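Below: one structure, written as structure tokens.
Chains as they are written, first to last, in the working numbering: chain A, 5 to 443; chain B, 5 to 443; chain C, 5 to 443.
Structural data, given as structure tokens:
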């Protein structure tokens, strides 16, 4: 997503050919095809990013212990549903303000989204860009993605309802405000900050919200013992791998759709480059983690490969268009390296991140955002850093406040007995795999 | 799907701009883009609805006990394959009759579908609408969906082959006949019945066929004991959740593709609205079930949330275009409420529906169909009720007859020993999870 | 994929209408829509074929025993990542040589792929066909598919790193060379060999590479005992079924995208026919296996149904466009029959193919390729046989050499203790399902 929703860079270029058939504008219909192509891009991109919600659900269900799987699934489907409602009720209006409440910083809170009337005839339609409903559908999925990132870090010990209340605030308010700073035409976009599809706006933001939660919540019982990290392996690596493949697939929509236009040769060609670069960065992240775990630990680590691929994807998200395939390999590969080193580093800080979401989304997201000036003229490391700090500080502090309020009123952590018994039995009274004996 | 395949509402509107470039029709080529866009819609919509077959398979495999999982998977992939063949051999010809055998009620039974010749040159093509093959592909998936609904209800006790024979009749004859009444231009469409993408034609119809089967088949051994319902929890809620996400994704194709046209600004804008509304209804159904199970039972119930989302989807299917996002939330949310109350109600009637398909597809399907007049001028509750009754009576009675015939000739239920041992060992001689000890 | 990437058959036909709007070429912009439509086809087709990587991963993870699942997942995601890098580094340049090193047989090895510059303005773009990046993205997925086929056959006993080194050679060199013979405009395409989407170029090729590996590697310990085949059932048939559905879905992109053009009425109509035929062949393969296992063994076999569907898909891949739906049913159905008989036949030859990839991809691939002259004028059984033999001999021999070299330097098979303990514990030190007791 470059610039704002309202002024996609490609529109200027496409305006000319669109009417080139006309010798007398009054006589001919406008060219409707760019409108249709771009709307298609939003719809296809949108359903691919929707699919990422399933990817997070499978990844996280696979990486928690079986006694917490049903709860994790409940959180994942519920957070997506809540995001869908909150983004409509408040979020979209905040994110794309017609008029700012605080110039460049905060939009209006009471602009419930409605869609344009049905069945526009060609003659009546304002052929200004693409269907508003398709844009809403696409943007909604990014908001939900931000919330999905949080659920993995806090798994296996957080209470269900406080988590869902946090999700409500995150998707309705926190994400839309920070996203408006860039994609709504706010102060970061004015400054020249560059984050194409959201390495920082979505992924690092979700990571900061998760980090705040992890600090308030504390680590799982028994995770850090006598200065050592106790491994708590995921219960189903097949699901975790499936989740990673789903996320990889969805990312083509995440990055490709963020071109925000597909109705010109230039735009669809850019979308194609983005697909190729996105795939390369994921592959490089996976291979980097594959080789590095072999070299460092003497054994390949599957979960590191999965997270390496995801870190490669997060890394290329800030700029999936301009890099060459070689630069995409470098950017994604460094993302994979980051994961291998950041996971044990977090453990040393006793920040318990169950699925590795902070290394993957926060740290690789920062890396990807800082890498933009390597390939893009007109961007600077300083501006990129300012953007990261602004978003990071805002999301971290507001999240911390919400977590602390939730902790004060009723608490956010399950009891010790519930945690040991497992959240599924203790909180839901149902198990994900009730028939299989557990070890 | 509005009106018939042959006269999509949007064609009239799109006819004008399509030739607007021409000042002299003899000099210029026709505008081929609407044909291509609409064909793309059928293909993308079709592969998304195909994907729903996998969704049903995973949902049902997750909700049965592990001793019946392999059989449930066998049924799901086999029924899709059988539907693909039967719809070609008989169904499509019945559903879209060039000439009726009984006017408005039944088409010809012996019109095997063939596709138009290969490689039409632009000059030769009849640019009347879209590729016939893409329409066939898309419609086929709806036929298969109807059959998928049945398999879940009857799980864990029905014999494999009688089920597959029923599927053959359902997909070859029963579904195509009732669907022709509306989408083939039959008497219901003449009456003004309105069912955009098939809340009744597909979902309630599948539900009625399942209900007839459940009555003939009887409940599982031990399900109802001393006036109480004995819970028989699903063996793999991760799979069930995955199945729900798959169905949610596929539904964008199910409802969006049913616009049946994408080549004008009005049509693609309508498709976009349908995507946004469909997502909202699913989200509302999930949230309704989330809150209601917490309030009613004091504990959140994951399977209710999954079925709530699906009920929201079924509810919006009769009219995903006209409602506002707020009305979509209301319609879908009521769908979620229905599920929470209908599941125990069915149990009181001792109708054993293993996966909750009757509440989700039949009852929410009726609700969605009856809700159409809330948003659509020109429709009436009476006409909607007549349509539901006509389709319900026809599908229920013909299904009942088929089930009774199958029961008379060889039986439809496995032996008591087989049911207790599990269908996988008894019928297939293979298990889904042979290495895991079962509790 | 017919003919070469550079001269798609449809381009000639589409050239005329594309400029038909123009009365004076100098005054009007070129028609950009065919470029956009075809690029979209590559992108959508490409992400569907990407998804097949997940399908292979789930199919194979479901068909191996639980002690080898994590290793199998590691192989699948790693091989895809390696293929993505190797095809960029060497493969694409070999496969589509601007200039041949050996005329019609081998392209240059040092043509690292780069993508065209960003943001082509309409005026500047060479509107010759479609985005090069989209073509690269699409073709890459075929290369990765070839490697995916190999991993299943060799499961449960091959060492991780030798397998990955073989993958490197296969995707960087072996596949691109043989694929260039047809799709790069090499000697097979000159001869009139016909293999639309790769029954032989992809599937049989992958099968030949797998066969060479299986021979060098030998069967699993205990598989063949006292002249009998000992069944080693897959650990998770739900995953295997999911994998099959994923592959079925992805195949619409595999075959449909291989039309290589979507910007004319003729092309998009052909893509539609391909979708319908592909689905029919899969359905027929599944039903054939369903009936045949019942008749032959008295019991339906789920894994045979899954492999039957896949064999149907492989069979129709050589020519998914020209057959009628009825002929697609015949071609795919014979594919399903082949699987049911070929699996035990291989076992008699003591070739241990864990997932049945050789019957599905190699034998059904040959069948599909030999079936082309049944429907296509201008092709001959002799030419088809020559193509199969040329590719088969090349892939088998080069693969055999690579496997033998790998065997000589360090070995390709894990130790007996490792194999019995399971590769997950022995090679990775982690398990896929660590909490479930195994039987």
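The beta carbon of each residue, even a glycine, is placed where N, CA and C say it ideally should be.
As the structure is a prediction and not an experimental result, all values here were calculated from the model.
Quick one: does residue i have its CB under 8 Å from some CB of chain C?
| i | result |
| --- | --- |
| residue 128 (chain A) | For residue 128 (chain A), the pLDDT reaches just 46, beneath the cut-off of 50, and the residue's location in the model is therefore unreliable, although a value from the coordinates is still provided. Closer than 8 Å: no. |
| residue 3 (chain A) | This structure cannot settle anything about residue 3 (chain A), because the visible part of chain A is limited to 5 through 443. |
| residue 438 (chain A) | no |
| residue 200 (chain A) | no |
| residue 124 (chain B) | Residue placement at residue 124 (chain B) cannot be trusted, given a pLDDT of 49 that sits under 50; what the coordinates show is reported in the next sentence. Yes, residue 124 (chain B) lies at the interface with chain C (some Cβ there is under 8 Å from its Cβ). |
| residue 88 (chain A) | no |
| residue 219 (chain A) | no |
| residue 266 (chain A) | yes |
| residue 433 (chain B) | yes |
Could one say the Cβ of residue i lies closer than 8 Å to chain A's Cβ atoms, at least one of them?
| i | result |
| --- | --- |
| residue 51 (chain C) | yes |
| residue 186 (chain B) | no |
| residue 118 (chain B) | no |
| residue 272 (chain C) | no |
Report the option in the options whose CA atom is closest to the CA atom of residue i.
| i | options | result |
| --- | --- | --- |
| residue 184 (chain B) | B:229, B:213, B:225 and B:95 | B:95 |
| residue 159 (chain A) | A:427, A:345 and A:402 | A:427 |
| residue 55 (chain A) | B:414, B:246, B:436 and B:328 | B:246 |
| residue 139 (chain A) | A:406, A:46 and A:317 | A:46 |
| residue 171 (chain A) | A:82, A:116, A:292 and A:75 | A:82 |
| residue 380 (chain A) | A:396, A:331, A:390 and A:404 | A:331 |
| residue 168 (chain C) | A:298, A:326, A:278 and A:383 | A:298 |
| residue 288 (chain A) | C:90, C:39 and C:34 | C:90 |
| residue 387 (chain C) | C:398, C:291, C:186 and C:230 | C:186 |
| residue 383 (chain C) | C:212, C:336 and C:200 | C:200 |
| residue 337 (chain A) | A:281, A:349 and A:106 | A:281 |
| residue 365 (chain B) | B:210, B:276, B:272 and B:351 | B:210 |
Give every residue of the same chain whose Cβ lies closer than 7 Å to the Cβ of residue i, excluding the five residues on either side of it in the sequence, and list them in chain order.
| i | result |
| --- | --- |
| residue 78 (chain A) | 164 and 432 |
| residue 356 (chain C) | 218, 223, 224 and 227 |
| residue 347 (chain B) | 360 and 363 |
| residue 188 (chain A) | 8, 99, 100, 101 and 111 |
| residue 93 (chain C) | 116 and 176 |
| residue 279 (chain B) | 256 and 260 |
Among the residues of its own chain, which have a CB less than 8 Å from the CB of residue i, if the five just before and after it don't count?
| i | result |
| --- | --- |
| residue 71 (chain C) | 425, 426, 427, 428, 429, 435 and 442 |
| residue 304 (chain A) | 294, 297 and 298 |
Can you list, in chain order, the residues of its chain whose CB lies under 6 Å from that of residue i, leaving out five sequence neighbours each side?
| i | result |
| --- | --- |
| residue 368 (chain C) | 315, 318, 319, 339 and 342 |
| residue 145 (chain A) | 50, 53 and 54 |
Check whether the Cβ atoms of residue i and residue j sit closer than 8 Å, and answer yes or no.
| i | j | result |
| --- | --- | --- |
| residue 193 (chain B) | residue 323 (chain B) | no |
| residue 248 (chain C) | residue 373 (chain C) | no |
| residue 269 (chain B) | residue 64 (chain B) | no |
| residue 416 (chain C) | residue 154 (chain C) | no |
| residue 395 (chain C) | residue 157 (chain C) | no |
| residue 74 (chain C) | residue 306 (chain A) | yes |
| residue 257 (chain B) | residue 40 (chain B) | no |
| residue 329 (chain A) | residue 117 (chain C) | yes |
| residue 267 (chain B) | residue 37 (chain B) | yes |
I think residue i touches residue j, with their Cβ atoms under 8 Å apart; what is that distance to the nearest whole Å?
| i | j | result |
| --- | --- | --- |
| residue 166 (chain A) | residue 410 (chain A) | 4 Å |
| residue 390 (chain A) | residue 195 (chain A) | 7 Å |
| residue 44 (chain A) | residue 216 (chain A) | Not quite, the Cβ-Cβ distance comes to about 38 Å (not below 8 Å), so this is no contact. |
Compare the C-beta of residue i against all C-beta atoms of chain B and say whether one is closer than 8 Å.
| i | result |
| --- | --- |
| residue 301 (chain A) | no |
| residue 171 (chain A) | no |
| residue 441 (chain A) | yes |
| residue 493 (chain C) | Since the first residue shown for chain C is 5 and the last is 443, residue 493 (chain C) is missing from the structure and cannot be characterised. |
Is there at least one non-hydrogen atom of the ligand COA closer than 7 Å to the beta-carbon of residue i?
| i | result |
| --- | --- |
| residue 88 (chain B) | Although the ligand COA was asked about, the structure shown includes no ligands whatsoever. |
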